[in-house]
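Q:
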Amino acid sequence: MPKLLVLGLCAGYFLVLLDVTVVNVALPQINADLQAGQAGMAGVVNAYTFVLAALLLAFGAIGDRWGHRRIVIVGFLCFFAGSLACSLSPTIEALVASRGLQGVGAAATMTGTLAMLSESAADDRGRNKLVGLWAALGGVALPIGPLLGGLLVELDSWRAVFWLNLPIILVALIPIVVFSSPRRDLGAAESSDSDARPDHAGSSGASRSRLLLACIVAALMNVCVLGSLFLLTQFFQDDRGLSPLQAGLATLPALLPMPIFGALSGKISNRLGVWRTSALGLIIAGVGLGLMGLTVSGPSLWGLWLALVVWAIGVGILTPAIVAAAMHALPQRPGFASGAGSTARNVGGAVGVTVFAALYTVDTGILMAGAGVVMLAASFICLGVQRWSRVSRPALPAGDVGAEVRQ
268 MPKLLVLGLC
278 AGYFLVLLDV
288 TVVNVALPQI
298 NADLQAGQAG
308 MAGVVNAYTF
318 VLAALLLAFG
328 AIGDRWGHRR
338 IVIVGFLCFF
348 AGSLACSLSP
358 TIEALVASRG
368 LQGVGAAATM
378 TGTLAMLSES
388 AADDRGRNKL
398 VGLWAALGGV
408 ALPIGPLLGG
418 LLVELDSWRA
428 VFWLNLPIIL
438 VALIPIVVFS
448 SPRRDLGAAE
458 SSDSDARPDH
468 AGSSGASRSR
478 LLLACIVAAL
488 MNVCVLGSLF
498 LLTQFFQDDR
508 GLSPLQAGLA
518 TLPALLPMPI
528 FGALSGKISN
538 RLGVWRTSAL
548 GLIIAGVGLG
558 LMGLTVSGPS
568 LWGLWLALVV
578 WAIGVGILTP
588 AIVAAAMHAL
598 PQRPGFASGA
608 GSTARNVGGA
618 VGVTVFAALY
628 TVDTGILMAG
638 AGVVMLAASF
648 ICLGVQRWSR
658 VSRPALPAGD
668 VGAEVRQ
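Under my numbering, think of the first position of the sequence shown as 268, with each following residue one higher.
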């Protein structure tokens, strides 16, 4: 696959995650300019995330039948139209509706880009590498979103947060249109016989069970990751007295390790298998959260920043591995697997933010340590699936021994 095409697909995921977090720091100015009120500001956030989560599975299934290239192009165009409409919105009602259109484009883009990468891989090793790059480059958006949003709001206005998307979409679309070939009706042909096609790990039922477990782990991951990020940014502002921009800067220690170790995650998965790699990431991230719980109340931020680096290393390793685990479960239906995993992550993130916001009055250190325990517990699910997959995998014919890939 051409490198420019890979970057274009990864840029789509980057935009989807960026618009989850970049708007948050612009909300006070949106409120002042459009007289949004609390309900209006909540609508600006929820219209995007709810529509995104609601349509992921649908676009995944449509892409399996219609072709993921088409879904990606439609998704980018919807995202462009939604972003343009957001930047020009004269009222809070128009802005909320435009954010919903952004959510439609984001759902199509998120599932389609991952499915295109998965389809293009020659084998599971190649798929691990591509998914690692997709998750690593896209994952940069989570910590950089508040920082970038704060800069744009200070330099211009809240409308600049949405103008930012337009050139990125246009540049990303060029290699997708030029270098990718239409796969008409590929998904329909594959989905029609998907239930009858065996895989190395057992029956179709076993594949769906592994997909379900991958979704459960992915949901637990984002409960802890996005819940902790919410808690951390609130802590920096409320307890340490930092501005939104300063709070974004304070999370920068998480920015560098995530893409570096996310890119390495594919190589680690090729050696250990996606489930063992997921367990490794969960353990490291869980330890990092535990250390954050111990250092968050300290007089200096240095200990907290070091713990944040450990946490970011674990999340960087974990995210591509658990995404790849879902894609490996149903390789013949990449759109459905992508949509299921993405839905689980989005629902988990929404639950995490809601739960941590409701428990905000509880000691911050206790909440972070509790999230660490959840991640450590989830690692046992991954290790159990790895063991189950090895036990349940039937022996391969002599001529296919070299085809076995770690899962």
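Positions of the beta carbon are idealized from the N, C-alpha and C atoms, including for glycine.
Does the Cβ-Cβ distance between Val292 and Pro413 come in under 8 Å?
A: In the sequence shown, counting from the first residue as 1, residue 292 sits at position 25. In the sequence shown, counting from the first residue as 1, residue 413 sits at position 146. In this structure, Pro413 lies closer than 8 Å to Val292 by Cβ.
Q: Indicate whether Leu709 and Gly399 have their beta-carbon atoms separated by less than 8 Å.
A: Here the chain has residues from 268 to 674 only, and residue 709 is not among them.
Q: Out of Leu323, Phe503, Gly616, Leu519, which one is the CA nearest neighbour of Gly565?
A: For the purposes of this step, residue 565 is taken as the residue at position 298 of the sequence shown. Among Leu323, Phe503, Gly616, Leu519, the Cα nearest to that of Gly565 is on Phe503.
Q: Which word fits Ala314, buried or exposed, when buried means at least 16 other C-beta atoms lie within 10 angstroms of its C-beta?
A: For the purposes of this step, residue 314 is taken as residue 47 along the sequence shown, with counting starting at 1. So Ala314 ends up on the buried side.
Q: Since I believe Thr378 is in contact with Gly334 (beta carbons under 8 Å), could you give me their beta-carbon distance rounded to a whole number of angstroms?
A: Looking up residue 334 in the sequence shown gives position 67. Looking up residue 378 in the sequence shown gives position 111. The pair is not a contact, with the Cβ atoms about 13 Å apart (cut-off 8 Å).
Q: Which residue from Ala321, Arg392, Ala625, Gly310 puts its Cα closest to that of Ala364?
A: Position 97 of the sequence shown, counting from 1, holds the residue named residue 364. Out of Ala321, Arg392, Ala625, Gly310, Gly310 has the C-alpha closest to the C-alpha of Ala364.
Q: Nearest by alpha-carbon distance to Ser476: which of Leu522, Ala403, Ala593 is it?
A: Position 209 of the sequence shown holds residue 476. Ranking Leu522, Ala403, Ala593 by Cα distance to Ser476 puts Ala593 first.
Q: Alpha carbons only, please: which of Ser495, Leu597, Gly619 is nearest the one belonging to Gly560?
A: By 1-based counting over the sequence shown, the position of residue 560 is 293. That would be Ser495, whose Cα lies nearest to the Cα of Gly560.
Q: Given that a residue counts as buried once 16 or more other Cβ atoms are within 10 Å of its Cβ, and exposed if not, what is Val420?
A: Residue 420 sits at position 153 when you count from the first residue of the sequence shown. With 16 or more other Cβ atoms within 10 Å, it is buried.
Q: If you drop the 5 nearest sequence neighbours on each side, which residues of the same chain put their C-beta closer than 7 Å to that of Gly602?
A: Locating residue 602 in the sequence shown gives position 335, where the first residue counts as 1. Cβ neighbours of Gly602 beyond the five flanking positions: Gly327, Ala328, Gly330, Asp331, His335, Thr378, Ala382, Gly454.
Q: Enumerated in chain order, which unbroken segments of the alpha helix (DSSP H) with a length of 4 residues or greater are wholly contained in the region 577 to 627?
A: Listed in chain order, the complete alpha helix (DSSP H) runs (minimum 4 residues) inside the region 577 to 627 are 601 to 625.
Q: Within a Cβ cutoff of 7 Å, which residues of the same chain sit near Arg394, ignoring the five residues on either side of it in sequence?
A: Sequence index remark: in the sequence shown, residue 394 carries index 127 (1-based). Cβ within range, chain order: Ser385, Ala388, Ala591, Met594.
Q: Between which residues of its own chain and Met642 is the CB-CB distance below 6 Å, once the five residues before and five after are set aside?
A: For the purposes of this step, residue 642 is taken as residue 375 along the sequence shown, with counting starting at 1. Around Met642: Cys491, Leu549, Ala552, Gly553.
Q: Are the CB atoms of Ala486 and Gly615 within a distance shorter than 8 Å?
A: By one-based count along the sequence shown, residue 615 stands at place 348. By one-based count along the sequence shown, residue 486 stands at place 219. Result yes, Cβ atoms of Gly615 and Ala486 sit closer than 8 Å.
Q: Over what stretch of residues does the alpha helix (DSSP H) that includes Trp425 continue unbroken?
A: By 1-based counting over the sequence shown, the position of residue 425 is 158. Run containing Trp425: none; DSSP gives neither H nor E here.
Q: Rounded to the nearest angstrom, what separates Leu626 and Leu493 at their Cα positions?
A: Translated into the one-based positions of the sequence shown, residue 626 becomes position 359. Translated into the one-based positions of the sequence shown, residue 493 becomes position 226. When rounded, the distance between both Cα atoms is 14 Å.
Q: In or out: Ile535 buried (at least 16 other Cβ within 10 Å) or exposed?
A: Along the sequence shown, read from residue 1 onward, the residue named residue 535 stands at position 268. When all chains shown are included, Ile535 counts as buried.
Q: Assign Trp569 to one of two classes, buried (16 or more other C-beta atoms within 10 Å of its C-beta) or exposed (fewer than that).
A: Your numbering for residue 569 matches position 302 in the sequence shown. Under this definition Trp569 is an exposed residue.
Q: What is the C-beta distance between Pro524 and Gly583, in whole angstroms, given that I count them as a contact (C-beta under 8 Å)?
A: In the sequence shown, counting from the first residue as 1, residue 524 sits at position 257. In the sequence shown, counting from the first residue as 1, residue 583 sits at position 316. That pair is a contact at about 5 Å.
Q: Can you tell which of Leu509, Gly557, Leu585, Gly581 has the C-alpha that lies nearest to the C-alpha of Trp634?
A: Taking the first residue of the sequence shown as 1, we reach residue 634 at position 367. According to the sequence as given, residue 634 is Leu; it is not Trp. Minimum Cα distance to Leu634 is reached at Gly557.
Q: Taking Val339 as the reference, which of Ala321, Ile297, Ala278 has the closest Cα?
A: Start at 1 with the first residue of the sequence shown, and residue 339 comes out as number 72. Ranking Ala321, Ile297, Ala278 by Cα distance to Val339 puts Ala278 first.
Q: With distance defined between alpha-carbon atoms, name the residue in Ala517, Met488, Pro434, Gly637 nearest to Ser646.
A: Here the question's residue 646 lines up with position 379 in the sequence shown. Of Ala517, Met488, Pro434, Gly637, the residue nearest in Cα terms is Met488.
Q: Who are the Cβ neighbours of Pro269 in its own chain at under 8 Å, not counting the five residues just before and after it?
A: One-based indexing of the sequence shown puts residue 269 at position 2. The answer, listed in chain order, is Pro442, Phe446.
Q: Consider the Cβ of Gly565: report whether some Cβ of chain C lies at a distance smaller than 8 Å.
A: Reference to chain C is not applicable here, since this structure consists of a single protein chain.
Q: Between Leu433 and Leu351, is the Cβ-Cβ spacing less than 8 Å?
A: Numbered from 1 along the sequence shown, position 166 holds the residue referred to as residue 433. Numbered from 1 along the sequence shown, position 84 holds the residue referred to as residue 351. The answer is yes: Cβ separation under 8 Å.
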